[in-house]
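Student:
There are 2 protein chains.
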Amino acid sequence: MKKDQLLKQFDELEKKLYAYGHAMMLLNWDGSTFAPTKSVEGRSIASSVLAGEQHKILTRKETGDLINELRQTDDLDEVSQAKVNEFYRDYKKLTCIPEKEVMEFSKLRAQSESIWVEAKKNNDFASFVPSLEKLIDFTKRFAKYYDSEEKPYNTLLDDYQPGLKMETVDAFFAEVEKSLVPLNKFVASSQRLNEAKKIKERINAKGFAKEGQIKLIDRLFELQGLDPDRCKIAQSAHPFTSGANSNDIRYTVTYHEDNLAAGIFAAFHEGGHAMYQLNINGEYDYSSIYTGASMTMHESQSRIYENNMGRSKAFNPYIYEAVKKEFPKQMSDVSADDFYLYSNYSSPSFIRVEADELTYSLHVMIRYQIERMIFEENLPVAELPAIWNKKYEEYLGITPPTDTLGVLQDVHWSFGLFGYFATYSLGTAYSAQLEATMKEHIDYDGALKKGNLTEITKWLKENVQQYGRLYTDDKILNIATGKSFDPSYYTKYLNDKYREIYK
Amino acid sequence: MKKDQLLKQFDELEKKLYAYGHAMMLLNWDGSTFAPTKSVEGRSIASSVLAGEQHKILTRKETGDLINELRQTDDLDEVSQAKVNEFYRDYKKLTCIPEKEVMEFSKLRAQSESIWVEAKKNNDFASFVPSLEKLIDFTKRFAKYYDSEEKPYNTLLDDYQPGLKMETVDAFFAEVEKSLVPLNKFVASSQRLNEAKKIKERINAKGFAKEGQIKLIDRLFELQGLDPDRCKIAQSAHPFTSGANSNDIRYTVTYHEDNLAAGIFAAFHEGGHAMYQLNINGEYDYSSIYTGASMTMHESQSRIYENNMGRSKAFNPYIYEAVKKEFPKQMSDVSADDFYLYSNYSSPSFIRVEADELTYSLHVMIRYQIERMIFEENLPVAELPAIWNKKYEEYLGITPPTDTLGVLQDVHWSFGLFGYFATYSLGTAYSAQLEATMKEHIDYDGALKKGNLTEITKWLKENVQQYGRLYTDDKILNIATGKSFDPSYYTKYLNDKYREIYK
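Heads up: the protein sequence lines correspond to chains W and Y, in order. Position in the first sequence (from 1) plus 237 gives the number in the working numbering. Position in the second sequence (from 1) plus 237 gives the number in the working numbering.
#1: So, using beta-carbon positions, are W:Gly279 and Y:Asp575 closer together than 8 Å?
#2: Y:Leu303 and Y:Phe247 look like a contact to me (Cβ under 8 Å); what is the Cβ gap, rounded to whole Å?
#3: W:Lys740: which of W:Asp314, W:Ser276, W:Lys344, W:Ser426 sits nearest, CA to CA?
#4: Could you tell me whether any Cβ in chain W is nearer than 8 Å to the Cβ of Y:Val286?
#5: Is there a C-beta anywhere in chain W that falls below 8 Å from the one on Y:Ser586?
#6: How would you write the range of the alpha helix (DSSP H) that Y:Ala471 sits in, first residue to last?
#7: Check whether the Cβ of Y:His292 lies closer than 8 Å to any Cβ atom in chain W.
#8: Between W:Gly509 and chain Y, is any beta-carbon pair separated by less than 8 Å?
#9: Which chain C residues are close to Y:Thr300, counting only those with a beta carbon under 9 Å from its beta carbon?
#10: Hey, is the segment 475-486 of chain Y in contact with the segment 262-280 of chain W, meaning 3+ C-beta pairs nearer than 8 Å?
#11: Would you mind telling me which residues of chain Y sit closer than 8 Å to W:Ser276, beta carbon to beta carbon, in chain order?
#12: Do the segment 713-730 of chain Y and the segment 667-679 of chain Y make contact, defined as three or more Cβ pairs closer than 8 Å?
#13: Can the beta-carbon of Y:Ser539 be found less than 8 Å from the beta-carbon of Y:His510?
#14: Which whole runs of the alpha helix (DSSP H) in the segment 619-676 of chain W are 4 residues long or more, in chain order?
#15: Step through the CB atoms of chain Y and report whether any lies within less than 8 Å of the CB of W:Thr522.
#16: Drop a sphere of 10 angstroms on the beta-carbon of Y:Met602, count the other beta-carbons inside from all chains shown, and report buried for 16 or more, exposed for fewer.
#17: Among W:Asp395, W:Phe271, W:His475, which has the Cα closest to the Cα of W:Thr533?
#18: Rounded to whole angstroms, what is the Cα-Cα separation between Y:Gly705 and Y:Tyr255?
#19: Given this structure, state the Cα-to-Cα distance separating W:Ala356 from Y:Gly301, to the nearest angstrom.
#20: Tell me which same chain residues have a C-beta within less than 6 Å of the C-beta of Y:Ser651, skipping the five on either side of it?
#21: Under the three-state reduction of DSSP, which class applies to W:Ala481: helix, strand or coil?
#22: For the alpha helix (DSSP H) that contains Y:Asn391, what are its first and last residues?
#23: Can you tell me which of Y:Asp327, Y:Asp647, Y:Phe342, Y:Val418 puts its alpha carbon nearest to the alpha carbon of Y:Gly634?
#24: Starting from W:Arg487, follow its DSSP beta bridges and name the residues at the other end.
#25: Rounded to the nearest angstrom, what separates W:Pro465 and Y:Pro273 at their Cα positions?
#26: Could you check if W:Ala666 is buried or exposed, using at least 16 other CB atoms within 10 Å of its CB as the buried criterion?
#27: According to DSSP, simplified to helix, strand and coil, what is Y:Phe576?
#28: How should Y:Lys415 be labelled, buried or exposed, when 16 other C-beta atoms within 10 angstroms of its C-beta is the threshold for buried?
#29: Just to confirm my understanding: we take Y:Ala283, look at its own chain, exclude 5 residues before and 5 after, and list those with CB closer than 7 Å. What are they?
#30: When you compare the segment 488-505 of chain Y with the segment 432-450 of chain Y, are there three or more beta-carbon pairs, one atom per stretch, that lie closer than 8 Å?
#31: How is the alpha helix (DSSP H) around W:Gln514 delimited, first residue to last?
#32: Any C-beta of chain Y sitting closer than 8 Å to the C-beta of W:Gly683?
#33: Could you tell me whether the Cβ atoms of Y:Asn544 and Y:Gln702 are closer together than 8 Å?
#34: Residues of chain W with CB under 8 Å from Y:Lys252, in chain order?
#35: Cβ of W:Lys388 within 8 Å of Cβ of W:Glu613?
#36: Put W:Tyr726 into one of helix, strand or coil per three-state DSSP.
This is the structure we're talking about:
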């Protein structure tokens, strides 16, 4: 049968592209975790050759012909149809842009990144302006190539969450602004905050040696219920999760001797990303739907382990005991309650990646609003620092003293990544909606109190994780929670939690 | 200029092939050192796709055209000429065989390996006979495709050492047989052997925890003078060295709690391979001459660090002190002299990879003689076990009780690797010739007594290692030692050393 033959060819093509992806994952993994320091040149030759070869395969005429034939085939099964659709999305995104502009943009990105590094180091936003302007121009043009009818920023949002539109994100951040700006003010002026700050400083000052943290992270890996035959941990400068297929997932942690919480909760966070990848239906391995439904859904899975479970009052005793076992001396005068407060210290700060659970979305909201103005209202780049600082003052009550601590802090724009930030907060908001639903279906609090995250993972696997990119976020949320995305779960979750802690 | 353009194309082609090689190295490295246990399938898909793609690039018509044009270009510089020659050797070896037979052979190898694994486990040589016969038939035919005029076994030897012929190897093993069979008998009947055996058992029985061995191996890495910015160590089931270019080398060690010497000297051995790769002229990176001159020359560099330096009387105090520092309790009643005897314990045994410095070449000689009979005298495969056992009795004075401990022990034949074994011993013999020459030019013993291997490495780098595959073994030996290969250095070295120790 012709359909079977096409699907067989398609499967071979996906496996071929998989092989390049697996190799590039390893090159990056090796460079970040193991390779000798002077090995950069060879790795960069290898990566760029393989990326180029993969790109050639993906964009060549036979690939287009095959994917178009498959798109015109009527009676594909659901899984094959999803693979074809997702493959076509990638294919169209790559091939809609003239080759020459792809090359120029790629060169621009590489240059911009090092210009940004210098600009950030020297607190010199002006030196980054020309690069940023060019990156934005390219990105606007590319969005139009992909879909000339659509608003550019909607096309950018779609890169990170298929089908996401400003409408949804606007409504979400309206709710965030309305509810979390006051909540943040409430916490910032709470009497309890001072006590929390002292506990935080007292614990961090004790010092937590790397050797002990390595053993502790192994114990957290077990507590989280990750499968050691399919998932491994290494160490790198910044934590990240990587993987090739449902039997080959790895993530990294970073050890800060003066900040135990950073290591612990980053490990839970990356462990959540890893759990998602481990639990995607193994039948989707080596295909375009072996990935999270979106960056948003991926973030929902990392945050639900990190925050909803990891920083919860019910689960706190387990992390506390694990820490105490590895660091009995440091923990001798720290109670479980102290540790809970330590894990949930919240205070406005300048740097997004160091922000706590509560203030995090305020950081993201600022980036979203600015990007939206850039792409939909032609905000001049030169005005970014002023707007940035004004918004920090307005939403967080603090003004960055430098652009290094302000508009220059994130790497994303220097890579030409626009439309990405929103997924961080949306994902966190999904977590709350998923958690609230779980509470109706399983003994969620009971499981946390027993330290049994596996019971919770079972529900997440069945209702979210197994699907990979078979369905959209909206469909998965409807399967899992019986409704589309509803931001109120998130603001309620944060209000309930933080008004209780900082009352 | 046309020549420059051809060389530029050639350079791009070599870099492209390099990228695939780097990726396949990493896939193998990751699988042996880090990857989760269940990750085999994805890695094998990735490896076989990339190997296939690399093979396609290497064998396609444009590649042949380019390499032939370059071969007809007269005034290439020495380095470019060497690259072209080496590339052409590979190209011809791959393209002289009809595609269909390549595929069949590759399938046969995969099947044969698992049949061999079972046969070895069950001591069932008969079950391996049909596979081995087919592997030999293919190999004979392939040798004829490559060079119909040449004796097949010479063509096989050339796979592992360009230009090597039976004539050289026959003369070498004649010397080995004449000199080392009696030496082995001398040692085996020495009064001292019993004492050495007791020391060995006493030390091994103390137990050496992995954590301490890891620190010890780091210290040996420093002692050997390896560059930590370009070379790293990991752990795997069997020690091996791997690498992509002169700035990216890695090797593994294996820790045996009940056999400290195995770990130490395997680390020096792999460290020697690593040193060679680190010291090849960096200008040959990403090209076909960024490799050892031959497997033989590579083995000479591993063995010279492992044995000539590592197990020498002059250097013994440094290893002894390093061991004592990590294992003070275990070493409390072990003297430096005891440790020297421990490092140089020699006794006939069944398994090649566990053999000591003295008996090692007798194991290899047996394999060489048998392979030579297979390929030049059509020795029937069914007769292998009987011949094997007879030769072990004749040369080593012991008869393997099973084929598992005899003819089935090595993996090589199940992979279709014939002609490889000889390089192990020839390389060891090179070491002795290089060492003897160094003694005439630098204060070799003085350097060992100062624990300064860097001084010795400097000479080896200048006279051997830097050349990579620019020259043949013979040319390099002439540069380094002023003469072609002379096996008598090797037999003299062993006689001097072992008649002294076991007198």
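Glycine included, each C-beta is placed from N, C-alpha and C at the ideal position. None of these values were measured; they are calculated from a predicted model.
Tutor: Working from what's here:
#1: Walking along the first sequence from the start, residue 279 of chain W turns up at place 42. Walking along the second sequence from the start, residue 575 of chain Y turns up at place 338. Cβ atoms of W:Gly279 and Y:Asp575: not closer than 8 Å.
#2: Residue numbering aside, residue 303 of chain Y sits at position 66 when the second sequence is read from its first letter. Residue numbering aside, residue 247 of chain Y sits at position 10 when the second sequence is read from its first letter. Contact holds; Cβ gap of about 6 Å.
#3: Stepping through the first sequence from its first residue, residue 740 of chain W is reached at position 503. Nearest C-alpha to W:Lys740 among W:Asp314, W:Ser276, W:Lys344, W:Ser426: W:Ser426.
#4: Your numbering for residue 286 of chain Y matches position 49 in the second sequence. Yes, its Cβ sits closer than 8 Å to a Cβ of chain W.
#5: The count along the second sequence starts at 1 and reaches residue 586 of chain Y at position 349. Cβ-Cβ to chain W under 8 Å: no for Y:Ser586.
#6: Mapped onto the second sequence, residue 471 of chain Y falls at position 234. No alpha helix (DSSP H) holds Y:Ala471; the beta strand (DSSP E) holding it covers 468-472.
#7: Here residue 292 of chain Y refers to the residue found at position 55 of the second sequence. Not one chain W Cβ lies under 8 Å of Y:His292.
#8: Your numbering for residue 509 of chain W matches position 272 in the first sequence. Not flagged as an interface residue toward chain Y: W:Gly509, since no C-beta distance is shorter than 8 Å.
#9: Absent from the structure: chain C. Protein chains present are W and Y.
#10: Verdict: yes, contact present.
#11: As a working note, residue 276 of chain W is residue 39 in the first sequence. W:Ser276 reaches chain Y at Arg467, Ala481, Asn482, Asn484, Asp485, counting residues in chain order whose Cβ is nearer than 8 Å.
#12: The segment 713-730 of chain Y makes contact with the segment 667-679 of chain Y, as at least three CB pairs between them are under 8 Å.
#13: Position 302 of the second sequence, counted from the first residue, corresponds to residue 539 of chain Y. Position 273 of the second sequence, counted from the first residue, corresponds to residue 510 of chain Y. Y:Ser539 places its beta carbon less than 8 Å from that of Y:His510.
#14: Runs of the alpha helix (DSSP H) spanning 4 or more residues and lying entirely within the segment 619-676 of chain W occur at 621-628, in chain order.
#15: Numbered from 1 along the first sequence, position 285 holds the residue referred to as residue 522 of chain W. Residue 522 of chain W is actually Asp in this sequence, not Thr. By this cut-off, W:Asp522 is an interface position.
#16: Walking along the second sequence from the start, residue 602 of chain Y turns up at place 365. Y:Met602 sits buried, since 16 or more C-beta atoms from the chains shown fall within 10 Å of its C-beta.
#17: As a working note, residue 533 of chain W is residue 296 in the first sequence. Closest option to W:Thr533, judged by alpha-carbon separation, among W:Asp395, W:Phe271, W:His475: W:Asp395.
#18: Taking the second sequence and counting its residues from 1, one reaches residue 705 of chain Y at position 468. Taking the second sequence and counting its residues from 1, one reaches residue 255 of chain Y at position 18. Taken atom to atom, the span from the alpha-carbon of Y:Gly705 to that of Y:Tyr255 is near 16 Å.
#19: The residue given as residue 356 of chain W occupies position 119 in the first sequence. The residue given as residue 301 of chain Y occupies position 64 in the second sequence. Rounded to the nearest whole angstrom, the CA to CA distance from W:Ala356 to Y:Gly301 is 49 Å.
#20: Along the second sequence, one-based indexing puts residue 651 of chain Y at 414. Within its own chain, the residues whose Cβ lies closer than 6 Å to the Cβ of Y:Ser651, once the five positions on either side in sequence are excluded, are Ser349, Glu350, Trp353, listed in chain order.
#21: Here the question's residue 481 of chain W lines up with position 244 in the first sequence. It is a strand residue.
#22: On the second sequence, position 154 is the one that residue 391 of chain Y refers to. Segment 389-397, the alpha helix (DSSP H) holding Y:Asn391.
#23: Position 397 of the second sequence, counted from the start, is the residue given in the question as residue 634 of chain Y. Out of Y:Asp327, Y:Asp647, Y:Phe342, Y:Val418, the CA that lies nearest to the CA of Y:Gly634 is found in Y:Val418.
#24: Here the question's residue 487 of chain W lines up with position 250 in the first sequence. Partner(s): W:Lys469, W:Ser479.
#25: Your numbering for residue 465 of chain W matches position 228 in the first sequence. Your numbering for residue 273 of chain Y matches position 36 in the second sequence. In this structure, the straight-line span from the alpha carbon of W:Pro465 to that of Y:Pro273 is close to 7 Å.
#26: For the purposes of this step, residue 666 of chain W is taken as the residue at position 429 of the first sequence. Buried, because 16 or more other Cβ atoms sit within 10 Å of the Cβ of W:Ala666.
#27: Position 339 of the second sequence, counting from 1, holds the residue named residue 576 of chain Y. When secondary structure is reduced to three states using DSSP, Y:Phe576 falls in the helix class.
#28: By 1-based counting over the second sequence, the position of residue 415 of chain Y is 178. Y:Lys415 is exposed by the Cβ-count criterion.
#29: The sequence position of residue 283 of chain Y within the second sequence is 46, counting from 1. Non-local beta-carbon contacts of Y:Ala283 in its own chain, meaning distances under 7 Å to residues more than five positions away in sequence, involve Leu264 in chain order.
#30: Short answer: they touch.
#31: Within the first sequence, residue 514 of chain W is the residue found at index 277, counting from 1. 497-516 is the span of the alpha helix (DSSP H), which, as asked, contains W:Gln514.
#32: The residue you call residue 683 of chain W lines up with position 446 of the first sequence. W:Gly683 does not count as touching chain Y.
#33: Numbered from its first residue, the second sequence carries residue 544 of chain Y at position 307. Numbered from its first residue, the second sequence carries residue 702 of chain Y at position 465. In this structure, Y:Asn544 keeps its C-beta atom at 8 Å or more from the C-beta atom of Y:Gln702.
#34: Walking along the second sequence from the start, residue 252 of chain Y turns up at place 15. Within 8 Å Cβ-Cβ: Ile282, Val286.
#35: Here residue 388 of chain W refers to the residue found at position 151 of the first sequence. Here residue 613 of chain W refers to the residue found at position 376 of the first sequence. For the pair W:Lys388 and W:Glu613, the CB atoms are nearer than the 8 Å cut-off.
#36: Within the first sequence, numbered from 1, the residue matching residue 726 of chain W stands at position 489. In this structure, W:Tyr726 counts as helix in the three-state DSSP scheme.
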